[in-house]
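In UniProt numbering, the protein residues as written are 1 to 331.
Here it is, written out as structure tokens:
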């Protein structure tokens, strides 16, 4: 990465080009955005733009959003491997977002309070606006796990609409798995009090990934899953709002995913109107080579052979490959 910070052109908010590099056959531009649109003005977000050297511009823009305890390396390894490089080599204009305090994005002043509500209401719309400004068209979105949940929140809260989302793909994303102890109010309240003693959840200590997560996310999740909880914030019911979505939404679930089970992933997309919702199960019963797992659905040799082409087909044509088409539309 170049040490110099270069000013970048944007009429939306301050943006710095942190570096422009050639990584083998890939071009890598790293931007730091300072939207200034949230109650915490210190928030800065980093986007990595990938292209294929010599391919020129004009590719369909797609934004990749990582899950919890993760960063851009989920999509783009230091060796130039991953779904991000695959899509760039296929001609897409690839943007990889890193949430507040993850990867190259610095921790904001009120980092411990960060919630999905903040990502959905403030950060994703700012990212969408910048990518649209740079590419000249509405981007497609792909989110994994918490990244997909955040995208669902943004859709349900009407923070992203068809001006800033050409389509949305949710991989291993759900909010319906039941944690029965949290349905007992004293246990939920006690859990919140206990968690407030901490600043972060450590990804390394929990063996969940390379990044930490702010404790605000955990407290927010407890509220969603409580006895009278709902997928939303104090102002909006995101779950109910999904019924008003007018953007194509694809939910992809993995049969071997025990963290975010297929039935729950399907239940999330079933909130979207029938004309816009699609579902795909990655399972032997559906013609795939294995029952994929939560991570393996996007990061594995089998995913490279079978899932990445599915993503490219969806982004380029707005539908699933013919093999998957029969069960794609949730009716």
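Positions of the beta carbon are idealized from the N, C-alpha and C atoms, including for glycine.
Keep in mind it's a predicted model, so treat the numbers as computed, not measured.
- Closest by C-alpha distance to residue 86, out of 255, 310, 264, is 310.
- Under the rule that a run must span 3 or more residues, the beta strand (DSSP E) segments found entirely inside the UniProt domain "AB hydrolase-1" (61–173) read 61–65, 93–98, 140–144, 167–171.
- Exclusion of the five residues before and after residue 103 leaves 71, 72 as the residues of its chain whose Cβ lies within less than 6 Å of its Cβ.
- Measuring C-alpha to C-alpha distances from residue 322 to each of 97, 286, 238 identifies 286 as the nearest.
- In the structure shown, residue 260 adopts coil according to DSSP, grouped into three states.
- Counted as a single uninterrupted DSSP element, the stretch harbouring residue 304 is not any beta strand (DSSP E) but the alpha helix (DSSP H) occupying residues 301–306.
- Under DSSP, residue 199 takes part in no beta bridge, so it has no partner.
- By alpha-carbon distance to residue 259, the top candidate from 137, 292, 279 is 292.
- Residue state for residue 35 is assigned as coil, using DSSP reduced to three classes.
- For residue 21, the enclosing beta strand (DSSP E) stretches over residues 15–23.
- Close CB contacts of residue 154 within its chain, under the 6 Å cut and outside five residues either way in sequence, are with 120, 124, 160 (chain order).
- At a cut-off of 4 residues, the continuous stretches assigned as alpha helix (DSSP H) that sit fully inside the segment 214–239 are 215–224.
- Below 8 Å, too few C-beta pairs join the segment 75–93 and the segment 167–175 to call them touching: fewer than three.
- At the C-beta level, residue 208 and residue 69 come within 8 Å of one another.
- Secondary structure of residue 52 (DSSP, three-state): strand.
- Burial is judged here by how many other beta carbons sit within 10 angstroms of a residue's own beta carbon; residue 288 has at least 16 and is buried.
- Going by beta carbons, residue 96 and residue 47 fall inside the 8 Å limit.
- Taken atom to atom, the span from the alpha-carbon of residue 303 to that of residue 297 is near 6 Å.
- Judged by their CB atoms, residue 28 and residue 105 are not nearer to each other than the 8 Å cut-off.
- Excluding sequence positions up to five before and after residue 236, its CB lies within less than 7 Å of the CB of 157, all in the same chain and listed in chain order.
- Within the model, the alpha-carbon separation for residue 84 versus residue 50 is close to 7 Å.
- Below 8 Å, enough C-beta pairs join the segment 265–281 and the segment 241–250 to call them touching: three or more.
- Beta-bridge partners assigned by DSSP to residue 277: 249.
- Across the structure, residue 12 and residue 30 are spaced so that their CA atoms are roughly 17 Å apart.
- Between the alpha carbons of residue 228 and residue 176 lies a gap of roughly 13 Å.
- Residue 28 has 21, 50 as its beta-bridge partners, per DSSP.
- A residue is called buried when at least 16 other Cβ atoms come within 10 angstroms of its Cβ; residue 21 does not meet this threshold and is exposed.
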